[in-house]
Every structure is written in structure tokens, then in C-alpha cells.
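J.:
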Ligand code: GDP
Ligand code: MG
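In UniProt numbering, the protein residues as written are 5 to 445.
Right, here's the structure in full:
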């Protein structure tokens, strides 16, 4: 994708902010990328619309292209959608025995995921887990769960021939209660396609089990289909979360976005293989990178933002080397301090500023004081900032009044600037080497 985007982005204008044309051009490509990643069409369309609105007018970091900036915005938004807000990242398994209902189409990975999760709950959270297969259509499926149970050291409900899914669910609850289990997991039967019979059965099971969690297991390799499945199951049964399987395959993860956007339900886990520990909690950042296939660009944009700050610091260094330090420089410094949350850090990074930082601290230069000083500088004229020595008593009074502060505070600020300017002059004469030496102190 990044190659294809490159062409479009080269043609984008390099202005301070993203224009609508910039964004529209880039978003056309993003839309294609989403569809290639198997994001369903309506979800891709909606996402692009939202991000276009968000990105238009956003500031462009100087050392990157507008296109890269758009990608960063897309990436950030993708993570936001995938992650959701304020969702617990653990399963609710309070109030034992807590029922967990596993639903989904046949072959989506329900049985495998049931065993994987049971193992995880046992190993990591020290829970006593009971698993039960409700797949009355296929005796082999019941056997499969029993075998996996043995493999991971988790109990399974003994198989009784001729029972209905509801009867098994009731027995599982009984056994879990009597046996002192923390959790019991119900592995329901699937169908190749959604049909009435399946939904009726799952609903009936839900009604007797009253599950704490209902996890929809979906094949991560399916795109548009996954959305239909999720819509159906959520509408008919109600789901509390999603597990995406086969994310170890070469699918591009678009199903994750579709799922999230359509159901609004959190993606809890991803399946990463057939082995019993091939399951992980969902990582929005990783999936977002995978969907866009452009981790490099995102990293580059983050870097560029850092570079921007370094460039500014370098510009200031050049002025300092010439022994220049007026009110504009001071204001710049003060604002940096505000931004970086603490003056110690920034002053400590500047040649000759270590001592000054200590003095400033001793003088009680805290965040509030910095705010006052910036206000004072703001109420000076351009000329006065460039050359504060010009200030006369009457102007001082008015500047202080303009900032709503005392003249005494303005005088302290002027003294500080003067001291710094003097230091700069001295250091400037000594040359760069001396500046660095001074900085080491
Ligand atoms: P069910 O019909 O929904 O119960 O599906 P199963 O649990 O029986 O899984 C069907 C097949 O998919 C099995 O061969 C599993 O080993 C395989 N499978 C399940 N989850 C994953 C996964 O995350 N990655 C891979 N590669 N295979 C998986
Ligand atoms: Mg199964």
C-alpha cells in the first residue's frame, strides 16, 4: 500500500495543513487498502467518511508528506475504533459457577477456542473449569472436546447419549455447582450457515444458562460474511464479545474492524494456530498495523514529530551561540517548559542552563510563575520583546497591568532575561566547545 500511496502523496501540496483535496486523494487509497484487508464495504465506507472529516484541516508535520500525515490519522483512528472505550479486558467470571456460552458457525473454531480459553483460565487465573459440548448433531464433536479436555487438563461433562442441548446445559450447570467449579463453558453446535433451527437452539440454551459471557467465535479469514454472522448472532442471542480465529493465516485482519464497527462489541481474543496455547488477548495496535500494512509510515510520522522539536531546539542553539537571547527566546523557553511539564528537563538540556535551572527553582519558578511570565511577555510589543532594554517605567506599568500582574513581577522577569542574555554572550564568545563543557556541569 505504501508504494501505491507514494505516487498520490508526491502530488499532494506541501502546506501547513491538510486540504480537502489532500485528504480525499489519500483516502481513496485507504479505502482500497481496507477492502483488500477484507473490511466489509459499508464499514470501510463509513470509516473513510469519518476520518476524512477528522483529517481535513489537520496540521502537517514539516518533515513528512501530507499523505503520511493522513495515514497516521487513519492509523490512530483505526486503533480507536478497534479498541473501543472503557471495556474490561478480562472475562467476567465472578459469582461461581459462571457460565460462558460459545457460539458461532460450524468450523469457526468454537471447540478449539473453548479448550484454549479453559486452559488459559486454569493456568493463568487458577480457575476450576468445566467444559461441556452441546453439539448433539455430531458425536465426533463431543469426543473432540473430551480429547482436548484431557490434553489441557480440564474436566469435561460426561457424554450422555440422546440428550438435547438444553438438557446438557442444565446438567452442566448442576455439575458445575455440585463440583465447585468457578466456570463452566458451553460449546454449542454450529451450522454451515445461519438458520432458524440453530438460532432457536442457541436461544433456548441461553435462556437456561443465563451466561455471564457469550462469546462469538468467528473465522478471521472471512470478511463480509463475518459481519452478517455477527449481526445475526448479536440480534438473536446477544453477544458480549468476539473471538477471531485463524489470525495466524494470511488474512489481513479486516474482519476485526468490521466486527467492531458492526456489533460495537469488544474483540476479546485472537486465535493464532491449532495448538492449545495459540490464543492471545486482542491487540488493537497490531491489527491496525496489519490492516494498513504500513507500520513503517506510522513510525516515520511519529519520528517526524520528534524531529520537529529537535529542529526548534537547534534553531535556538544557533541564536544562543551568537550570544542572542531576547524575550522571544525566553518566551519560547517558557512555553517549552510548560509543554514538557517541568523546567528542569528542558533547561538541563541546554548549554549553560543547568545553573540557571537551579537558580530558577530556588527562586520559586513553578508552573504558575511560568504562566505569569508568558502573560507578561505577551503583553509586550514586538519591538519590546526583541529589545527589552528599551522598556521605560510607564510602559512597564502598562505591560504589568495588561497581564493583570505587579510591576515587581515584570522586573523579576526582566532581570532573569538579562542574566540569561549575559550568560549567552559570555558563552558565545567562548565558542561552541565551551558551551558544551558548560552544559556538562
Ligand atoms: P468448530 O466447528 O467451530 O467447533 O471448529 P473447531 O474448533 O473444530 O475448529 C475447526 C478447525 O479449525 C480445526 O482444525 C482447528 O484446529 C482449526 N482452528 C481453530 N482455531 C484456529 C486458529 O486460530 N488458527 C488455525 N490455524 N486453525 C484453527
Ligand atoms: Mg465444534
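Beta carbons are placed, not taken as given, at the ideal position from N, Cα and C, and that holds for glycine.
According to DSSP, is residue 278 part of a helix, a strand, or is it coil?
T.: As a first step, residue 278 must be located in the chain shown, where it is residue number 274. Coil at residue 278, not helix or strand.
J.: With distances taken Cα to Cα, identify the nearest neighbour of residue 274 among 125, 329, 224.
T.: Indexing the chain shown from 1 puts residue 274 at position 270. For residue 274, the nearest C-alpha among the options comes from 224.
J.: Under 5 Å, CB to any heavy atom of ligand 2. Which residues pass, going along the chain?
T.: Taken from the N-terminal end onward, the list reads 114, 115, 145.
J.: Please return the same chain residues whose Cβ sits closer than 7 Å to the Cβ of residue 353, not counting the five positions on each side in sequence.
T.: Locating residue 353 in the chain shown gives position 349, counting from the first residue. Confidence in residue 353 is poor, its pLDDT being 46 and thus under 50, which makes the residue's placement unreliable; the coordinate value appears in the next sentence. Excluding residues within five positions, none has a Cβ falling inside 7 Å.
J.: If you count every other CB in all the chains shown that lies within 10 Å of the CB of residue 350, and 16 or more means buried, which is it?
T.: As a first step, residue 350 must be located in the chain shown, where it is residue number 346. No answer about residue 350 holds up, because its pLDDT of 46 lies below 50 and its placement is not dependable.
J.: Between residue 295 and residue 331, which are expected to be in contact by the criterion C-beta below 8 Å, what is the C-beta distance as a whole number of angstroms?
T.: On the chain shown, residue 295 is found 291 positions in, with the first residue counted as 1. On the chain shown, residue 331 is found 327 positions in, with the first residue counted as 1. So it is not a contact: roughly 49 Å between Cβ atoms.
J.: Could you please give the first and the last residue of the uninterrupted alpha helix (DSSP H) stretch that includes residue 31?
T.: Within the chain shown, the letter at position 27 stands for residue 31. First-last of the alpha helix (DSSP H) with residue 31: 24-40.
J.: Using a threshold of 6 Å, is the CB atom of residue 110 nearer than that to any non-hydrogen atom of ligand 1?
T.: Counting from 1 along the chain shown, the entry for residue 110 is found at position 106. Residue 110: yes, Cβ under 6 Å from ligand 1.
J.: Check residue 384 in the structure and name its three-state DSSP category.
T.: By 1-based counting over the chain shown, the position of residue 384 is 380. Of the three classes helix, strand and coil, the one that applies to residue 384 here is coil, per DSSP.
J.: Please report the distance separating the alpha-carbon of residue 392 from that of residue 333.
T.: The residue given as residue 392 occupies position 388 in the chain shown. The residue given as residue 333 occupies position 329 in the chain shown. Going from the Cα of residue 392 to the Cα of residue 333 covers about 12 Å.
J.: Out of 181, 105, 155, point me to the one whose CA is closest to residue 132's CA.
T.: Sequence index remark: in the chain shown, residue 132 carries index 128 (1-based). Among 181, 105, 155, the Cα nearest to that of residue 132 belongs to 181.
J.: If you measure from the CB of residue 250, is any heavy atom of ligand 1 nearer than 6 Å?
T.: Along the chain shown, read from residue 1 onward, the residue named residue 250 stands at position 246. Flag set: Cβ of residue 250 near ligand 1.
J.: Name the DSSP beta bridge partners of residue 206, please?
T.: Position 202 of the chain shown, counting from 1, holds the residue named residue 206. Paired residues: none, contrary to the question.
J.: Which one of 427, 73, 291 has the shortest CA to CA distance from residue 254?
T.: Reading the chain shown from its first residue, position 250 is the one you call residue 254. Comparing Cα positions, the closest option is 291.
J.: Give the C-beta separation of residue 243 and residue 261 to the nearest angstrom, bearing in mind that I take them to be a contact with Cβ-Cβ under 8 Å.
T.: In the chain shown, residue 243 corresponds to position 239, counting from 1. In the chain shown, residue 261 corresponds to position 257, counting from 1. That pair is no contact at about 17 Å.
J.: Taking the alpha-carbon positions, what's the residue 2 to residue 107 distance?
T.: Absent from the model: residue 2. The displayed extent of the chain is 5 to 445, so no value can be given.
J.: Measure how close the beta-carbons of residue 136 and residue 176 come, nearest whole angstrom, since I'm counting them as under 8 Å.
T.: By 1-based counting over the chain shown, the position of residue 136 is 132. By 1-based counting over the chain shown, the position of residue 176 is 172. Contact holds; Cβ gap of about 4 Å.
J.: Distance, Cα to Cα, residue 14 vs residue 82?
T.: Residue 14 sits at position 10 when you count from the first residue of the chain shown. Residue 82 sits at position 78 when you count from the first residue of the chain shown. Caution is warranted here: a pLDDT of 46 is assigned to residue 14, below 50, making its placement in the model unreliable, and the coordinate value is therefore given only provisionally. Between residue 14 and residue 82, the C-alpha separation is close to 24 Å.
J.: Below 8 Å CB to CB, which residues in the same chain sit around residue 110 once its five sequence neighbours on both sides are set aside?
T.: Position 106 of the chain shown, counting from 1, holds the residue named residue 110. Around residue 110: 193, 194, 195, 196.
J.: CA-CA distance, residue 424 and residue 417?
T.: For the purposes of this step, residue 424 is identified with residue 420 of the chain shown, where counting begins at 1. For the purposes of this step, residue 417 is identified with residue 413 of the chain shown, where counting begins at 1. Straight-line Cα distance between these residues: approximately 11 Å.
J.: What I want to know is whether the C-beta of residue 426 ends up closer than 6 Å to one or more non-hydrogen atoms of ligand 3.
T.: As presented, the structure is devoid of ligand 3, carrying ligand 1 and ligand 2 as its sole ligands.
J.: Using 6 Å as the cut-off, classify the Cβ of residue 275 as near or not near the heavy atoms of ligand 1, replying yes or no.
T.: Within the chain shown, the letter at position 271 stands for residue 275. Correct: residue 275 has its Cβ closer than 6 Å to ligand 1.
J.: Rounded to whole angstroms, what's the CA-CA distance from residue 289 to residue 68? Just pull it up for me.
T.: As a first step, residue 289 must be located in the chain shown, where it is residue number 285. As a first step, residue 68 must be located in the chain shown, where it is residue number 64. One C-alpha to the other measures close to 22 Å.
J.: Is the CB-CB distance between residue 338 and residue 374 below 7 Å?
T.: The residue you call residue 338 lines up with position 334 of the chain shown. The residue you call residue 374 lines up with position 370 of the chain shown. Cβ atoms of residue 338 and residue 374: closer than 7 Å.
J.: Please work out which residues of its chain come closer than 7 Å, Cβ to Cβ, to residue 410, disregarding the five sequence neighbours upstream and downstream, and give them in chain order.
T.: Numbered from its first residue, the chain shown carries residue 410 at position 406. Here the set comprises 404.
J.: With three or more C-beta pairs closer than 8 Å as the rule, is the stretch 198-212 touching the stretch 120-131?
T.: The stretch 120-131 is not in contact with the stretch 198-212.
J.: My guess is that residue 285 and residue 238 are in contact by the Cβ rule of under 8 Å, so how many angstroms apart are they, rounded?
T.: For the purposes of this step, residue 285 is identified with residue 281 of the chain shown, where counting begins at 1. For the purposes of this step, residue 238 is identified with residue 234 of the chain shown, where counting begins at 1. So it is not a contact: roughly 21 Å between Cβ atoms.
J.: Ligand 1 heavy atoms versus the CB of residue 257: any closer than 6 Å?
T.: As a working mapping, residue 257 is identified with position 253 in the chain shown. It does not: the Cβ of residue 257 is nowhere closer than 6 Å to a heavy atom of ligand 1.
J.: Who are the near neighbours of residue 183 in its chain, counting only those whose CB is closer than 7 Å to its CB and skipping five residues on each side?
T.: In the chain shown, residue 183 corresponds to position 179, counting from 1. Result list for residue 183: 134, in chain order.
J.: Could you check if residue 407 is buried or exposed, using at least 16 other CB atoms within 10 Å of its CB as the buried criterion?
T.: Taking the chain shown and counting its residues from 1, one reaches residue 407 at position 403. Buried.
J.: On the three-state DSSP scale, how would you describe residue 257?
T.: Residue 257 sits at position 253 when you count from the first residue of the chain shown. Note: residue 257 maps to coil in three-state DSSP.
J.: Going by beta-carbon coordinates alone, are residue 22 and residue 85 separated by less than 7 Å?
T.: Numbered from its first residue, the chain shown carries residue 22 at position 18. Numbered from its first residue, the chain shown carries residue 85 at position 81. Contact flag unset, no.
J.: Report the option in 125, 211, 205 whose CA atom is closest to the CA atom of residue 188.
T.: Indexing the chain shown from 1 puts residue 188 at position 184. Minimum Cα distance to residue 188 is reached at 125.
J.: Based on DSSP bridge pairs, tell me the residues matched to residue 105.
T.: Here residue 105 is taken as the residue at index 101 of the chain shown, counted from 1. The partner list for residue 105 (beta bridge, DSSP) reads 190, 218.
J.: Could you name the residues of the same chain whose beta carbon sits closer than 7 Å to that of residue 24, not counting the 5 residues immediately before and after it, in chain order?
T.: For the purposes of this step, residue 24 is identified with residue 20 of the chain shown, where counting begins at 1. Excluding sequence neighbours, residue 24 sits near 60.
J.: Closest to residue 270 by CA distance: which of 236, 282, 252, 221 is it?
T.: Along the chain shown, one-based indexing puts residue 270 at 266. Of the candidates 236, 282, 252, 221, the one whose C-alpha sits nearest the C-alpha of residue 270 is 221.
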